[in-house]
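Novice: Chains as they are written, first to last, in numbering that gives the first Met the number 0: chain G, 0 to 288; chain D, 0 to 288.
2 protein chains.
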Amino acid sequence: MAAGALGRIQTETPALPEALRRVGEAILADPAEAARSTIITLAERSGSSPATVTRFCRVFGFAGYAGLRVALATENGRAAQANWDAGVGHEIGPTDPLDAAIGVMAAADSRLIQETAAQLDAGTVAKVAEAVVAARRVLIFGVSTSGAVAVMMGGRLRRIRVPCWSHADAHEALADAALLGEGDVAIGISHQGRTREVLESLGEAGDRGALTVAVTSFARSPLAELSDLVLTTASRETTFRLGGLAAVHSQLFVLDTVYVAVAQRTYEQTNEAFELTIRALESHRVERS
Amino acid sequence: MAAGALGRIQTETPALPEALRRVGEAILADPAEAARSTIITLAERSGSSPATVTRFCRVFGFAGYAGLRVALATENGRAAQANWDAGVGHEIGPTDPLDAAIGVMAAADSRLIQETAAQLDAGTVAKVAEAVVAARRVLIFGVSTSGAVAVMMGGRLRRIRVPCWSHADAHEALADAALLGEGDVAIGISHQGRTREVLESLGEAGDRGALTVAVTSFARSPLAELSDLVLTTASRETTFRLGGLAAVHSQLFVLDTVYVAVAQRTYEQTNEAFELTIRALESHRVERS
DNA sequence: CTTGACTTGAGAATAATTTTCACCCAGATG
DNA sequence: CATCTGGGTGAAAATTATTCTCAAGTCAAG
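#1: Anything in chain G within Cβ reach of A34/D, meaning under 9 Å, just list it in chain order.
#2: Roughly how many angstroms separate the alpha carbons of P96/D and A130/G, rounded to a whole number?
#3: Grab the span of the alpha helix (DSSP H) containing L119/D for me, first residue to last.
#4: Looking only at its chain, what residues have a beta carbon closer than 6 Å to the beta carbon of S165/D, apart from the 5 residues adjacent to it on each side?
#5: Only counting the same chain, and skipping five residues up and downstream in sequence, which positions put a Cβ closer than 6 Å to that of S249/D?
#6: Beta carbon of S143/D, beta carbon of S109/G: below 8 Å?
#7: Between which two residues does the beta strand (DSSP E) containing I188/G stretch?
#8: Are the C-beta of I112/D and some C-beta of chain G separated by less than 8 Å?
#9: In three-state terms, what does DSSP make of F140/G?
#10: Is the beta carbon of L230/D closer than 8 Å to that of A253/D?
#11: How long is the line joining the alpha carbons of P162/G and S226/G, rounded to whole angstroms?
#12: Residues in the same chain with beta-carbon distance under 6 Å from G146/D, minus the five sequence neighbours each way, listed in chain order, please.
#13: Using the rule of at least 16 other Cβ atoms within 10 Å of the residue's Cβ for burial, across every protein chain shown, is D183/G buried or exposed?
#14: Which bits of chain G does D98/D rub up against, with CB to CB less than 7 Å?
#15: Please determine, among Y64/G, T73/G, T53/G, the residue with the shortest C-alpha to C-alpha distance to P30/D.
#16: Between the C-alpha atoms of G60/D and L15/G, what's the straight-line distance to the nearest angstrom?
#17: Can you name the start and end residues of the beta strand (DSSP E) that A213/G belongs to?
#18: Report the three-state DSSP secondary structure of G76/G (helix, strand or coil).
#19: Taking Cβ positions only, does H166/G come closer than 8 Å to chain D?
#20: Drop a sphere of 10 angstroms on the beta-carbon of Q191/D, count the other beta-carbons inside from all chains shown, and report buried for 16 or more, exposed for fewer.
#21: Indicate whether at least one CB of chain G lies closer than 8 Å to the CB of V150/D.
#22: State yes or no: is the beta carbon of L156/G nearer than 8 Å to at least one beta carbon in chain D?
#23: How many Å lie between V52/G and A42/G at the Cα?
#24: Name the DSSP beta bridge partners of C166/D, please?
#25: At a CB-CB cut-off below 7 Å, which residues of chain D make contact with F217/G?
#26: So what does DSSP say about V197/D, is it helix, strand or coil?
#27: Leaving out the 5 sequence neighbours to the left and right, which residues in its chain are closer than 7 Å to R287/D when beta-carbon positions are compared?
#28: Which residues of chain D have a Cβ atom closer than 9 Å to the Cβ of H170/G, listed in chain order?
#29: Could you name the residues of the same chain whose beta carbon sits closer than 8 Å to that of L71/D, not counting the 5 residues immediately before and after it, in chain order?
#30: Strictly below 9 Å CB to CB, what residues from chain G border H190/D?
#31: If we ignore side chains and look at the alpha-carbon of each, how far apart do T194/G and G141/D end up?
#32: Please report the Cβ distance between I101/D and L119/G, rounded to the nearest whole angstrom; I am assuming they are in contact, meaning their Cβ atoms lie under 8 Å.
#33: When the distance is taken between beta carbons, is V137/D closer than 8 Å to A260/D?
#34: Measuring straight from C-alpha to C-alpha, what distance separates C56/D and S47/D?
#35: Near E11/D, what residues of its chain come up, given a Cβ to Cβ distance below 8 Å and the 5 sequence neighbours on each side ignored?
#36: Determine the direct distance from the alpha carbon of R160/D to that of R135/D, and round the result to whole angstroms.
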């Protein structure tokens, strides 16, 4: 078993005879470098011979040098990953080197998605999906960034034949909301749950008898209170005011789950609709060069 | 740089010729196994020759097979540490319980973002950001889902005073592209990099002397070849055809990094612009209850 | 002193890896 | 239609890495 190879080397090395010990020390001094070296290089660096390095591998139960090498590299990756979460929560400042910033952002986003998933209520998602499948009309809206999310989700749902309209524009959303009725679904997206336009449109839809669904980060926001069902997104307002940026990932994730749930409930039809859509889009693609 | 080797293999493999592609597929099918195999074993498993495997290593910038092997092992350790294998790659079927599906999706998205980050070239991001900061005009476009991403990014950039237009509409994008010139920037988004409209618009922008930037999952796609700079997104086409869904996260992440890089380069102005924007948006919010 | 168990590295033997080269094939050209 | 070109490929040669064998050295115990 590869696990713990470095630890075992650390433990056993001091008890080894002269030449073997030097090999162990050379590896411990820089495992990553050792993984990259050939057996010859490593032998030279430890002041011994290739034969001794092979023996060293055998001592630790590897079939040969290749085995040791792979084990070292694996542990090296493991260690790198362990350091990963470290930087989360760190604010990104104007002078941070970009690669560090990229790492922090990735960690933050990744974590955000996990959090979103953790606190998402599958029951609510299922209810929303069932309502969407049964609805005569579905309306999705938001403004600004959330509007773009709404449009994106609308496009997806239309591709699997859900009768869906999506707006990033407040007036159009309001107009459409007024036309909804019993058995329809309205989904309003707002990170903070305080955007007036979204509140008005969702309120209007509710008044007309449609099922209202809020997608927001705040379960106690006006939007949430006004809605029949609430899908909460997670968002941490950290890292250079990136709360807004990250919120999009969270919103998309929540809507992805709704999409999948809808697709599951209309599997046959979904597959067929996919085929059609893909064929239609193909004609807009250029050939492989 | 060793990081992101698997991601890169994933991205580039489909564009490779026959025999090389088979090698890539064999590796992707079981990276851990590949790391343990000799070049000969791997050649046999992929139905090609050792020579081809060596060529494959060169394509991805490794000095030889040993380099690839170590990189694979490293990533393998990385993945193991993060417990990411939990369910990833599992297709979501119509009968899966929804909470399981949510878990799989979260793991997949999370991993996707990590992969995207790992294979993103900070230097390229910096170049794009610098060009955006210096540009007289910036144009961002895509169609369909990528179009929504473009619109979202455009909105963000405008909020920090970047003179930016964004389109999800092919004709408008083309019209605007024709008006660009030296010192302007055009960013085209297309998951597969084969969408004709995006190709045309970016080509037009390039002809007019603008810096052209591609955001695509395929580094060898027509879109990438045609562009001055390429920002590659990662995407695994797994889980219930969710490739397209997941691609959005990846695209957004890449553009987030550009946004942050731009913000870093115009810190004063960014902060000020933020204040103004937030105040403007406040008036559309309802008061805390 | 011997002896013998244990280490070690030189060099031979083997196996893996890389390079070279001739071939094939698809598409371009005359 | 014949010919050429150029990329892609695997067989085999060349190189290099790895493993094995063995003689020699060391050292503690008799």
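The beta-carbon is built from N, C-alpha and C at its ideal position, and this holds for glycine as well.
All of these numbers come straight from a predicted model, not from anything done at the bench.
Specialist: To lay it out plainly:
#1: V69, A72, T73
#2: 18 Å
#3: Segment: none, L119/D is in no alpha helix (DSSP H) and carries neither H nor E.
#4: I139, A149, V150, G153
#5: L111, T115, T232, A233, S234
#6: no
#7: 184 to 188
#8: yes
#9: strand
#10: What sits at residue 253/D in the sequence shown is Val, not Ala. In this structure, L230/D lies closer than 8 Å to V253/D by Cβ.
#11: 21 Å
#12: A167
#13: buried
#14: A121
#15: T73/G
#16: 38 Å
#17: 210 to 215
#18: helix
#19: no
#20: buried
#21: yes
#22: no
#23: 6 Å
#24: Correcting the residue identity first, residue 166/D is His in this sequence and not Cys. H166/D pairs with F140/D.
#25: Within 7 Å Cβ-Cβ: nothing; F217/G doesn't reach chain D, min ~10 Å.
#26: helix
#27: Any reading at R287/D must be qualified, since the residue scores a pLDDT of 45, below 50, and its modelled position is unreliable; no value is offered.
#28: Going along chain D, no residue has its Cβ under 9 Å from H170/G, so there is no contact; the nearest lies around 13 Å.
#29: A4, L5, I26, P30, A31, A33, A34
#30: Those within 9 Å of H190/D in chain G number zero; the least Cβ separation is about 11 Å.
#31: 27 Å
#32: 6 Å
#33: no
#34: 14 Å
#35: G23, V58, F59, F217, A218, R219
#36: 11 Å
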